[in-house]
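Here the structure comes first, spelled out in structure tokens, and everything after it is commentary.
Residue numbers (the numbering used here), protein chains in the order written: chain E, 272 to 395; chain P, 8 to 115.
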């Protein structure tokens with residue numbers, strides 16, 4: 272049974288970097304039959320996919336254009352987890368952040384497992 | 008980006024009712040559509056994938072249909088635990104994946 276456990280701070284100051292981690296149990300971050308995404312949810316933007324990473328002989332990364340240039344998703348094979356970094360945050364980045372998995376590596380598919388969510392507030 | 012529009016935004020119904028939620032895409036997504044249920048304070052939960060395939064463990068009163076640009080989620084006989092918010096999501100294109108704005112199913 273795949274489980275995703277999120278961790279990270281709930282308060283970030285404007286212009287600083289948001290950092291979250293998603294620990295995987297029941298699967299491997301290097302699996303070639305899974306992709307690992309970050310999604311956020313806010314009243315103003317609804318559910319918004321931010322990006323993903325997956326492994327097919329090498330690591331691949333796809334990012335939404337809305338955050339490209341500010342986002343990095345990084346796998347950590349030693350700890351079987353992946354992380355989200357979002358730079359130069361503003362109050363508009365305040366949202367509930369979720370990690371999620373898809374049962375297909377390089378293709379497109381649904382999100383069949385989700386982390387518990389982390390409410391991140393951007394405020395000084 | 009492919010935009011997803013759900014209707015209605017809010018739906019009031021009673022236990023035992025049959026209800027249908029519609030999701031429309033701005034371009035054809037074949038059958039690359041998923042439905043999720045979200046309860047307050049919880050992450051979304053996958054109900055349906057590939058437009059009509061029931062996720063393991065999801066009750067058979069949930070069903071999905073459609074292809075191209077128009078899709079429906081039907082609950083055949085509402086149970087008390089089904090009152091929640093429902094979202095559709097397209098995965099025809101991961102650049103980017105997009106969700107509908109949600110349909111809140113309320114008790115009448």
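All residues carry an ideal CB built from backbone N, CA and C; glycine is no exception.
Could one say the Cβ of residue i lies closer than 9 Å to chain E's Cβ atoms, at least one of them?
i, result
"residue 101/P", "yes"
"residue 62/P", "yes"
"residue 32/P", "no"
"residue 57/P", "yes"
Can you pull the chain P residues whose beta carbon is under 9 Å from the beta carbon of residue i, in chain order?
i, result
"residue 317/E", "94, 106, 107, 108 and 109"
Using DSSP with H/G/I as helix, E/B as strand and the rest coil, what is residue i?
i, result
"residue 347/E", "strand"
"residue 333/E", "strand"
"residue 363/E", "helix"
"residue 381/E", "coil"
"residue 88/P", "helix"
"residue 16/P", "coil"
"residue 320/E", "strand"
Among residues of its own chain, excluding the 5 on either side of residue i, which ones have a beta-carbon nearer than 7 Å to its beta-carbon?
i, result
"residue 91/P", "44, 45, 46 and 112"
"residue 14/P", "29"
"residue 56/P", "41 and 62"
"residue 393/E", "283, 285, 360, 361, 362, 364 and 365"
Would you say residue i reaches chain P, if we count a Cβ-Cβ gap shorter than 9 Å as a contact?
i, result
"residue 371/E", "yes"
"residue 336/E", "yes"
"residue 323/E", "yes"
"residue 333/E", "yes"
Since residue i meets chain E, which of its residues come closer than 9 Å, beta carbon to beta carbon?
i, result
"residue 51/P", "310, 312, 318, 369, 371, 382 and 385"
List the residues of chain P that residue i touches, going by C-beta distances under 8 Å, in chain order.
i, result
"residue 379/E", "39, 98, 99, 100, 101 and 104"
Among the options, whose alpha-carbon lies nearest the alpha-carbon of residue i?
i, options, result
"residue 33/P", "26/P, 41/P, 14/P and 10/P", "10/P"
"residue 341/E", "347/E, 324/E and 361/E", "361/E"
"residue 336/E", "348/E, 320/E and 330/E", "320/E"
"residue 106/P", "283/E, 291/E, 311/E and 300/E", "311/E"
"residue 359/E", "384/E, 273/E, 339/E and 272/E", "339/E"
"residue 344/E", "281/E, 370/E and 376/E", "370/E"
"residue 296/E", "368/E, 288/E, 275/E and 303/E", "275/E"
"residue 70/P", "76/P, 54/P, 64/P and 77/P", "54/P"
"residue 385/E", "52/P, 109/P, 39/P and 75/P", "52/P"
"residue 83/P", "24/P, 49/P, 95/P and 18/P", "24/P"
Would you mind telling me which residues of chain P sit closer than 7 Å to residue i, beta carbon to beta carbon, in chain order?
i, result
"residue 388/E", "50"
Near residue i, which residues of its chain fall below 8 Å by C-beta distance, leaving aside the five closest residues on each side in sequence?
i, result
"residue 103/P", "8"
"residue 380/E", "306, 373 and 374"
"residue 298/E", "273, 305 and 372"
Tell me which same chain residues have a C-beta within less than 6 Å of the C-beta of residue i, skipping the five on either side of it?
i, result
"residue 72/P", "59 and 79"
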